Amino acid sequence: MDIYFRRGNCEGGIFDNYDISLSPREFKIFAYECKNEYRESFEVDIEYSGCLEPRISYVFFDAKILETIPFDTVFKYNMMLGSKIFTKEQLDSLDWTITYP
Numbered sequence: 081m082d083i084y085f086r087r088g089n090c091e092g093g094i095f096d097n098y099d100i101s102l103s104p105r106e107f108k109i110f111a112y113e114c115k116n117e118y119r120e121s122f123e124v125d126i127e128y129s130g131c132l133e134p135r136i137s138y139v140f141f142d143a144k145i146l147e148t149i150p151f152d153t154v155f156k157y158n159m160m161l162g163s164k165i166f167t168k169e170q171l172d173s174l175d176w177t178i179t180y181p
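Counting from 81, one number per residue, gives the positions in the sequence shown under the numbering used here.
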């Protein structure tokens, strides 16, 4: 399935109600696509995430839902596929590769 992803909050929830479906080139991953999203700012993002422990989270959405339901509804009801929370040590052990089923 096609999915959307973006950075989440400290608890692995939706960070804000910005409609990421308006920017598919940046946030959408098509089924069976490998997308390299490494940026040198990841370490800074983790360090200054505002979380009690340095970590970063990503949330994932079904593209069909995101492209058919208004994002304020998606945000209000936390309609995401799931999320992943990582520490820098975990990302280093994964060689900075995040795989979502």
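C-beta atoms are modelled at their ideal positions from N, C-alpha and C, and glycine is treated no differently. All values derive from a computational prediction rather than experimental measurement.
Do you know whose CA, among Glu169, Ile165, Leu174, Leu171, lies nearest Gly92's CA?
Selected option, being the one with the closest Cα: Ile165.
If you draw a straight line from the alpha carbon of Glu62 to that of Glu133, how long is it in whole angstroms?
The question about residue 62 has no answer here: the residues shown for the chain are numbered 81 through 181.
Using CA coordinates, which residue listed in Tyr84, Cys114, Thr167 is at the minimum distance from Glu106?
The shortest Cα separation from Glu106 among Tyr84, Cys114, Thr167 belongs to Tyr84.
Rounded to whole angstroms, what is the Cα-Cα separation between Phe110 and Lys144?
The alpha-carbon atoms of Phe110 and Lys144 are separated by roughly 11 Å.
How long is the line joining the alpha carbons of Asp82 and Asp142, rounded to whole angstroms?
In a straight line, the C-alpha of Asp82 is about 7 Å away from that of Asp142.
Nearest by alpha-carbon distance to Asn158: which of Phe140, Asp172, Thr148, Leu174 is it?
For the residues Phe140, Asp172, Thr148, Leu174, the minimum Cα distance to Asn158 belongs to Phe140.
Taking just the CA atoms, how far does Pro104 sit from Pro150?
Roughly 15 Å separates the two Cα atoms.
Does Arg86 come out as helix, strand or coil in the three-state DSSP assignment?
Strand at Arg86.
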